[in-house]
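Below is one structure, written out as structure tokens; the observations come after it.
Protein chains in written order, with the UniProt record's numbering: chain F, 1 to 706; chain H, 1 to 706.
Spelled out as structure tokens, the structure:
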């Protein structure tokens, strides 16, 4: 894990040199200086430009060597070809952090990539950290530091606040910053990482996780360039109680095409990334507006322990719309206790006090009803959050006086819950509610989605950390590709059961094997030379007696002798014939970003047509495996739908967990594992891999190492 | 279909009496007068109140009888108990339209419902139309008519425009109006229908469809009280080229519970309602924000014929986010033609000109790039809409001059396409783009969703009206419940094929039947007294020869004689045993709102666990049936996935269409039909119902009639 101290200098410098400083406030070398002057940056700004004595009223220095002090940070706004010597001069001078606005590196092709690598080597030599190249830079609102040339500042400066943004894309990061500002939200920092030659979004997230100024972390990623660092950063943020809202683009075929052409690195599989980021506590989103809504709610730092919503409404219709959205996103809206309903009904006979709690337009004449219904939702309903649909009613100044008087004591009495309004009106009026600690949304459905995210976070925090990861021991893999029997043997060593089977050399051994398993059994020829055993009659199913075993043994050997006279026959395989279970599929694939990923699904159409699978990075324990198994849409089939007996989900979970541990221990040579089908027998009767294929990569070990 | 002339008087009156007029501008009888005075209503306002000579500066009349003229409309703001005499007085006076603000009718229970029915009878007697009771009323922005007591006007008056709103819920309708206003959108009318004792949202929609002032119709419904009128209104709006955006609440279990308790009528099945409303051209939504976004886009009245999107962006990241959203909602983003890509690449070497078309931040220095990329998207790309992601860059006044200069000629050159911006900034700056005919959104994903809806509408308009509905002829149903054979015979009369089968009385007849069908066959006992035929061995499958038919015949009769000695045996059924097809399910259920609805799905888990079905109101033709069949998620199985031969979808579509025609002709006694399974054979080999159950309702005909 990289040292953050120099990143601190990059994001919160006490002095900054601007190499290529300009008097023109619309140029890359002029914008940062103008912004810092406007914002009253408390540190020293040190312009460097050989052609000027002063820049924007500040003393200007001819070169890095002429600087009167070693700056904490440098902003480099010179053409690409001048960047190496600039880095060198800064390094000699002892500067430890540089932001490289300059473009023309890895994003332009192989030559630029080589130049970029050389830059990093040069910087490392001097112990200097680099942001960029091809970055829009950084701003740090609290100290007025604007190491950025973003024109987003032309339409207004950010408001100070506790929402931090880390983005690979400069323009998109600045869009998020401007969106926050236009929605009245306060930001701490914006960090855009560009080509990520050195500093990545992972570093930026970790810096924010450790910084006092940031409580909510928004991040936009196109490619994950250092997965272990990113996951460690997410873990650090989670440990610090700071939500991470992640927008990972490149989900669609079109999007992935654009991402690959846009950045210098490949976009990983979005589905895997979603699963892994969520697993590390990130809230994965797909649109900036939802990100800002959740960031707004999270910025208040109230994360109730219960994932449940009460809706108090002056409009029955709005209550229904909000309820529909809650059901759609899976946010529970339990009914009020009957005794509490009776109390509310007594106070307002026409009320519908179940949940939504409809206090009708009567609450406008009598705001004590609003207080009563909301209080009852918090106290008797016990909801993690109560959303009050007040629409334009809350938007007039006169009503806001009355409403605030009713709600302020409630806000104080339930500090660990959320009270949110859906309200329309002038920003100044709505701001009064926000100032009183009440969340304000314009749209009931956006409110429901944001509250759902916050309540899920709160419930996860209340549950505490998940189960510890299982211990991984290195797995010795064979040199060459394992055949089915070897694959099953390898997996058996990891505790993964196949159907009982035995290779035999005689008819009597076959009978003994069959009797030890119990009938019926399956028998097939064992020969490395015979691929299509069924086609030549060398596979027999459903063999039900000792006599039939003897007959099958003879027939199989005879079929092999007749149809494949030259083949080496090493014996006959006798296996217990299993039936009555549910066919599942388990597998491992190596994700280029996250390493081995386990997948679980039901056999057949569920996987092939509906893509109904659960994914997880390896390793994980049986509790997690159980969650995965139950998370697929078709899980009801395993639980006993359609008259089937419930399947042995415990055994499946053990097998899936052991498979994940095996994959984690097998290292980078393991390309994939397919257990297809796995037969999940009825409860208590186990789960068995009926086939196993392990694919190894002998040659490209280095390419897969991380 | 009801006469709209009196509704016209209700929504656009030249004179309005206010019964229960008040000087207090916060009271129900005071608010409408204050609002009309503020808005400069051009008609006459006639306050009625026995206790006052003047109200809010206007002459006030002691009673309806004292009015100096017959008003076009009356607003009734008196307590429920005084409403009947008020209606009577207005009726005597010749007033033809009254808005009943008063509550205390059907929403309060059986007594109120009876009072409400009596009101309607009294009004009908006088030829008077009623809005409400329990309505928030109507406003008509263009003429300054405010027949409403909504406090939404306290936070500002609506802007004039061409978006009309019809809502059952008063507060929610007013919320939509306030939302439109706060988002800078212009409205024509707001009509809230309350208890819908007489006038329904269907009437309101039809009025808007015929009114020149409205081009886009937004509607909010909790219950559909007059389905044929609603569908006719939707058809009228579609014929007039006016999009209807429908928010039908009560989707969720919680929502439906709230809807039932909130209104005086039951909420129909939301899934059926969605399907039927969509089928009649409505855009069905679930949140008010999306409704307003689409209404905004539709208000410009440009509906391109091609459902395709081009994205021009100054930020690669934003282009990807927009692409991901487009893929999610199913909006195609075809790649640019290669020749056009080459031209763009020549103009800007680092551009990524596929689609999204990334013109990079370089477009800020050279706005001609923005023009070039957008023009190329419209011309060579041929996209129905081009969305330009310009974010804060477009938000400064200086840049807006430059951008408008570049884009205005384009706007003029492609009047049948949409140009939309995603931009952040002050409303005044963004308004300049809107004034130039460019749609402006803050969020790229909201923009994509709104454009998708508009482009779908445009493509549907370009396709023209769908196929004509098939002719329905009345079906004669039996008195009692039909058994399987009778059900199959009834359906056979409608052209719906079962597997070939014949009842026989001898072994030789059985052989003849089997030989006429071809082997194998199925045989089973025919007896009204034996229910569980398989259990006693009276069903034989897979009978492959004449000899086996004779044996089976004897065994079946013997099994029946042994195990059910007293049963009446009417013969033996011989049926062709079909195999090799795909098991499907077809059925009819009677929706309480929309009558017979056809459902199609694949057999088994697809329906039971995944609810993967297509729905449609009956009747419909085979083209529509084909669309339904291909719309299910598992349609690939019918098209030949997993190594199966493609199924006979034409035969399935014919069967489904014929079933819909049968159901439409069967009338209200038909409760349901289940054809489960229907076996879809390989292409060219037909589809056959293997079982058929028809449920009739003899007793409750009246209850099901509509």
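Note that beta-carbon positions come from the ideal geometry of N, C-alpha and C, so glycine has one too.
None of these values were measured; they are calculated from a predicted model.
| Check | Outcome |
| --- | --- |
| Chain-ordered residues of the region 203–218 of chain H with a beta carbon less than 8 Å from chain F | none |
| Span separating the alpha-carbon of residue 17 of chain F from that of residue 189 of chain F | 19 Å |
| Touching by the beta-carbon criterion (3+ pairs, under 8 Å), the region 678–698 of chain F and the region 95–106 of chain H | no |
| Cβ-based burial, residue 643 of chain H [other Cβ within 10 Å; buried from 16] | exposed |
| Run of the beta strand (DSSP E) containing residue 389 of chain F, from where it starts to where it stops | 385–391 |
| Alpha-carbon to alpha-carbon, residue 593 of chain F and residue 703 of chain F | Any reading at residue 703 of chain F needs caution, since the residue's pLDDT is 37, under 50, leaving its predicted position unreliable; the model's value is listed next. Approximately 12 Å, taken between the alpha carbons. |
| Buried or exposed by the 16-neighbour rule on C-beta atoms within 10 Å, applied to residue 543 of chain F | buried |
| Cβ distance (whole Å) where residue 163 of chain F is taken to contact residue 218 of chain F below 8 Å | 6 Å |
| Candidates H:541, H:49 and H:530: closest to residue 519 of chain H by CA position | H:541 |
| Within-9 Å CB hit, residue 371 of chain F to chain H | no |
| Partner residues on chain H for residue 314 of chain F, Cβ-Cβ distance less than 9 Å | 171 |
| Any chain F beta carbon closer than 9 Å to residue 263 of chain H | Its pLDDT being 33, under 50, residue 263 of chain H is placed unreliably in this model, and the value from its coordinates should be taken loosely. With 9 Å as the cut-off, residue 263 of chain H counts as an interface residue toward chain F. |
| Length of the line joining the Cα atoms of residue 697 of chain F and residue 48 of chain F | 53 Å |
| Under 7 Å by beta carbon: chain H residues contacting residue 249 of chain F | 317, 320, 321 and 324 |
| Assumed close pair residue 404 of chain H, residue 432 of chain H - CB separation to whole angstroms, cut-off 8 Å | 6 Å |
| Residues near residue 20 of chain H in its chain [Cβ-Cβ closer than 6 Å; skip 5 each side] | 29, 77 and 78 |
| Straight-line gap, residue 197 of chain F to residue 117 of chain F (C-alpha atoms, nearest Å) | 7 Å |
| Nearest residue (CA-CA) to residue 277 of chain H, options H:325, H:237 and H:15 | H:237 |
| Residue 443 of chain F classed as buried or exposed, judged by whether at least 16 other C-beta atoms fall within 10 angstroms | buried |
| Interface residues of chain F facing residue 584 of chain H [CB-CB closer than 9 Å] | Result: empty, since nearest Cβ-Cβ is about 14 Å, beyond 9 Å. |
| Pairwise C-alpha distance: residue 574 of chain H and residue 506 of chain H | 11 Å |
| Sheet register partners of residue 615 of chain H (DSSP bridge) | H:599 |
| Secondary structure of residue 677 of chain F, DSSP reduced to three states | strand |
| Best match in F:200, F:211 and F:216 for proximity to residue 185 of chain F [C-alpha to C-alpha] | F:216 |
| Collapsed DSSP secondary structure at residue 365 of chain F in the structure displayed | helix |
| Start-end ranges of the alpha helix (DSSP H) lying completely within the region 303–365 of chain F, minimum 4 residues | 316–329, 338–347 and 362–365 |
| Cβ shell of residue 41 of chain H (< 6 Å), same chain only, five flanking positions each side left out | 144 and 145 |
| Per-residue DSSP class, three states only, for residue 278 of chain F | helix |
| Minimum Cβ-Cβ distance from residue 36 of chain F to chain H less than 9 Å | no |
| Cβ-based neighbour list, residue 525 of chain H, same chain, cut-off 7 Å, excluding 5 preceding and 5 following | 533, 538, 556, 560, 569 and 572 |
| Same chain, Cβ closer than 6 Å to residue 622 of chain F, neighbours up to 5 away in sequence not counted | 653, 654 and 657 |
| Min CB distance residue 766 of chain H to chain F below 9 Å | Chain H is shown only over 1 to 706; residue 766 of chain H falls outside these bounds and no answer can be derived. |
| Residues from the region 277–288 of chain F in contact with chain H, defined by Cβ distance under 9 Å | 286, 287 and 288 |
| Close Cβ partners of residue 469 of chain F (< 8 Å) along its chain, the five nearest in sequence each way excluded | 619, 620 and 621 |
| Among F:55, F:83 and F:99, the one whose alpha carbon lies nearest that of residue 71 of chain F | F:99 |
| Test: residue 399 of chain F CB closer than 9 Å to a CB of chain H | yes |
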